[in-house]
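Residue numbers (UniProt numbering): 1 to 447.
Rendered as structure tokens:
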């Protein structure tokens, strides 16, 4: 097949096209009693599918079905969505946000700032410095990282931590004791050197870990996917792995075939259904520079079936076995990164410098290893969600949890949930869902 590159988009031409043919967005609750239909018609442009899916998943909506078509100059989507309880979207604020974010005047960064408390999109948390870390994971590493920040008198306002295949990726938003971002070059250099030493551990290899800083905004889940993909976490590294061992019936099944007549590669995915699954897969295809021309998404009980008709940005299909194998590995990694089996610990306490350090130290001292974590701050309350196993990667002894409850239960609100890959409980971001879970608890706490 001849190589046909993705058309070059001149910003002025794109703005003109958008003004002539503005996006049309409708939120329909009348066509189906079981879900809400979100329909998007727009001029096609690179990355538009990911942008739309990102808006929906940041609102914690469940995509039960979807039909995508973007072959040519026009992009047409229909999403069947529900809230976390499986009901239609009737909240006027949520509907307005969807219409505004995806409509003619939509710009995710601007819209998010009108949506206080949800931490959606770019997760605007006020003045902060964002720190990105990627490195080799080990038990207690998050505790060591947070201890360094506490020692330097930096408060962790929000954070998201993922681990996969013995790698750890973190995005942390920090400020100083006066709630100001850290912009002094000398202080930033000190933080970077100390964090690099932590990531390096006993290793002499400088490539074991990396640290970077940003004063701007980032979409956290999107960035974590990019970091782990760039770090090649999809390649097996041997030894103890902190990835989830799915039951045989829930192992992801990923196949790639070629549709000769239309010149597409067809990527088929069947696995356990969960929230944000489509977002994770589309992120990976985008990172690998594949364009989705058509797609069908559906849920069948606990399973999800997703089919993507793709070409590379240069117009080529996946012709070699090596290309196909790499895509399969990368999608499989994207599915597993967010999934955590075991115990979910939810803690709430008055925010202060060193809170994360104290909590992670207690977890480490009780022999618990953090597989994934989400931290956020709402008002004066620090919200922490941890997915944990024991230091060997096995299930946690309930006696350890009881000891933990006795140690910190008098200092902060503490809740434990069992997470299993064999259930259809929504797999959510600790960050995105913290405010959802702590809504009632926070009322009691503040009262």
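Ideal Cβ placement from N, Cα and C applies to all residues, glycine included. None of these values were measured; they are calculated from a predicted model.
Within this structure, are the beta carbons of residue 142 and residue 370 separated by less than 7 Å?
-> Reading the chain shown from its first residue, position 142 is the one you call residue 142. Reading the chain shown from its first residue, position 370 is the one you call residue 370. Contact flag set, yes.
Output the boundary residues of the alpha helix (DSSP H) element that contains residue 360.
-> Position 360 of the chain shown holds residue 360. Unbroken alpha helix (DSSP H) run through residue 360: 355 to 365.
Name the DSSP beta bridge partners of residue 306, please?
-> Position 306 of the chain shown, counting from 1, holds the residue named residue 306. Under DSSP, the beta-bridge partners assigned to residue 306 are 269 and 297.
Could you check which residue in 85, 82 and 274 has the C-alpha nearest to that of residue 250?
-> In the chain shown, residue 250 corresponds to position 250, counting from 1. With distances taken between Cα atoms, residue 250 lies closest to 274.
Report the option in 260, 37, 299 and 26 whose CA atom is closest to the CA atom of residue 270.
-> As a position in the chain shown, residue 270 is number 270, starting the count at 1. Distance check between residue 270 and each of 260, 37, 299 and 26 places 299 closest, using alpha-carbon atoms only.
Tell me residue 325's beta-bridge partners as DSSP assigns them.
-> Taking the first residue of the chain shown as 1, we reach residue 325 at position 325. DSSP lists no partner for residue 325.
In angstroms, rounded to a whole number, what distance separates the CA positions of residue 343 and residue 129?
-> Taking the chain shown and counting its residues from 1, the one referred to as residue 343 is at position 343. Taking the chain shown and counting its residues from 1, the one referred to as residue 129 is at position 129. Roughly 30 Å between the two C-alpha positions.
Span of the beta strand (DSSP E) around residue 171 | On the chain shown, residue 171 is found 171 positions in, with the first residue counted as 1. Membership of residue 171 in the beta strand (DSSP E) is indicated by the continuous run 167 to 175.
For residue 330, the three-state DSSP class (helix, strand or coil) = By 1-based counting over the chain shown, the position of residue 330 is 330. It is helical.
Bridge partners - residue 473, DSSP secondary structure assignment = Only positions 1 to 447 of the chain appear in this structure, which leaves residue 473 out of reach.
Could you give the distance in angstroms between the alpha-carbon of residue 22 and the alpha-carbon of residue 224?
-> By 1-based counting over the chain shown, the position of residue 22 is 22. By 1-based counting over the chain shown, the position of residue 224 is 224. Within the model, the alpha-carbon separation for residue 22 versus residue 224 is close to 32 Å.
Contacting residues, own chain, Cβ-Cβ under 8 Å from residue 231 (five flanking each side not counted) = Numbered from 1 along the chain shown, position 231 holds the residue referred to as residue 231. For residue 231, the CB contacts under 8 Å within the same chain, skipping 5 residues up- and downstream, are 134, 167 and 169 in chain order.
Which term fits residue 279, buried or exposed, when burial requires 16 or more other beta carbons within 10 angstroms of its beta carbon?
-> For the purposes of this step, residue 279 is identified with residue 279 of the chain shown, where counting begins at 1. Buried, because 16 or more other Cβ atoms sit within 10 Å of the Cβ of residue 279.
Report the option in 91, 101, 41 and 100 whose CA atom is closest to the CA atom of residue 77.
-> If you number the chain shown from 1, residue 77 lands on position 77. Taking only the C-alpha atoms, the option nearest residue 77 is 41.
What three-state label does DSSP hand residue 148 in the structure shown?
-> The count along the chain shown starts at 1 and reaches residue 148 at position 148. Helix at residue 148.
Classify residue 33 as helix, strand or coil using the three-state DSSP reduction.
-> For this step, residue 33 is matched to residue 33 along the chain shown. Note: residue 33 maps to coil in three-state DSSP.
What are the start and end residues of the beta strand (DSSP E) that includes residue 413?
-> Residue numbering aside, residue 413 sits at position 413 when the chain shown is read from its first letter. 413 to 419 is the span of the beta strand (DSSP E), which, as asked, contains residue 413.
Determine the closest residue to residue 475 out of 51, 314 and 193, with distance taken between C-alpha atoms.
-> Within the shown structure, residues of the chain are numbered from 1 to 447, placing residue 475 beyond reach of any answer.
Best match in 283, 401 and 197 for proximity to residue 47 [C-alpha to C-alpha] | Here residue 47 is taken as the residue at index 47 of the chain shown, counted from 1. Put simply, of 283, 401 and 197 the residue whose alpha carbon is nearest the alpha carbon of residue 47 is 283.
Nearest-angstrom Cα separation, counted from residue 191 out to residue 379 = In the chain shown, counting from the first residue as 1, residue 379 sits at position 379. In the chain shown, counting from the first residue as 1, residue 191 sits at position 191. Straight-line Cα distance between these residues: approximately 26 Å.
May I ask which residues mark the beginning and end of the alpha helix (DSSP H) holding residue 99?
-> Here residue 99 is taken as the residue at index 99 of the chain shown, counted from 1. Here the alpha helix (DSSP H) through residue 99 covers 92 to 102.
Indicate the three-state DSSP secondary structure (helix, strand or coil) for residue 283 in the structure shown.
-> Residue mapping note: residue 283 aligns to position 283 of the chain shown, counting from 1. Here DSSP, grouped into helix, strand and coil, assigns residue 283 to helix.
When the Cβ atoms of the stretch 144 to 157 are set against those of the stretch 355 to 373, are three or more pairs found closer than 8 Å?
-> Here the stretch 144 to 157 makes contact with the stretch 355 to 373; the two share three or more CB pairs at distances below 8 Å.
Take the Cβ of residue 186 as the centre, count every other Cβ of all protein chains shown within 10 Å, and call the residue buried at 16 or more, exposed below.
-> In the chain shown, residue 186 corresponds to position 186, counting from 1. It counts as exposed.
Rounded to a whole number of angstroms, what is the C-alpha to C-alpha distance between residue 161 and residue 373?
-> Locating residue 161 in the chain shown gives position 161, where the first residue counts as 1. Locating residue 373 in the chain shown gives position 373, where the first residue counts as 1. Here the alpha carbon of residue 161 sits roughly 5 Å from the alpha carbon of residue 373.
Identify which residue in 301, 289 and 139 has its Cα closest to the Cα of residue 64.
-> Start at 1 with the first residue of the chain shown, and residue 64 comes out as number 64. It is 301.
Per the contact definition of three or more C-beta pairs closer than 8 Å, is the stretch 325 to 335 in contact with the stretch 253 to 260?
-> The stretch 253 to 260, when compared against the stretch 325 to 335, does touch it at the 8 Å Cβ threshold.
Start-to-end residues for the beta strand (DSSP E) that takes in residue 161 = Against the chain shown, residue 161 aligns to sequence position 161. Start and end: 155 to 164.
Indicate whether residue 74 and residue 44 have their beta-carbon atoms separated by less than 7 Å.
-> Translated into positions along the chain shown, residue 74 becomes position 74. Translated into positions along the chain shown, residue 44 becomes position 44. Contact: yes.
Beta-carbon contacts of residue 233 that lie in its chain and below 7 Å, excluding the five residues immediately before and after = Position 233 of the chain shown, counted from the first residue, corresponds to residue 233. Excluding positions up to five away in sequence, the list reads 164, 165, 167 and 333.
Determine the closest residue to residue 212 out of 189, 221 and 394, with distance taken between C-alpha atoms.
-> As a working mapping, residue 212 is identified with position 212 in the chain shown. Here the closest residue by C-alpha is 189.
Supposed contact pair residue 389 and residue 140 - C-beta distance, whole angstroms, cut 8 Å = Start at 1 with the first residue of the chain shown, and residue 140 comes out as number 140. Start at 1 with the first residue of the chain shown, and residue 389 comes out as number 389. That belief does not hold up - the Cβ atoms of residue 140 and residue 389 are roughly 13 Å apart, past 8 Å.
Distance between residue 376 and residue 290 (C-alpha atoms, nearest Å) = Sequence index remark: in the chain shown, residue 290 carries index 290 (1-based). Sequence index remark: in the chain shown, residue 376 carries index 376 (1-based). Distance between the alpha carbons of residue 290 and residue 376: 33 Å.
Would you mind working out which of 183, 38 and 210 sits nearest residue 196, comparing C-alpha positions?
-> Reading the chain shown from its first residue, position 196 is the one you call residue 196. For residue 196, the nearest C-alpha among the options comes from 210.
Per DSSP, which one or two residues make a beta bridge with residue 374?
-> In the chain shown, the residue the question calls residue 374 occupies position 374. 160 and 385.
Under the three-state reduction of DSSP, which class applies to residue 221: helix, strand or coil?
-> Indexing the chain shown from 1 puts residue 221 at position 221. Reduced to three states, the DSSP call for residue 221 is helix.
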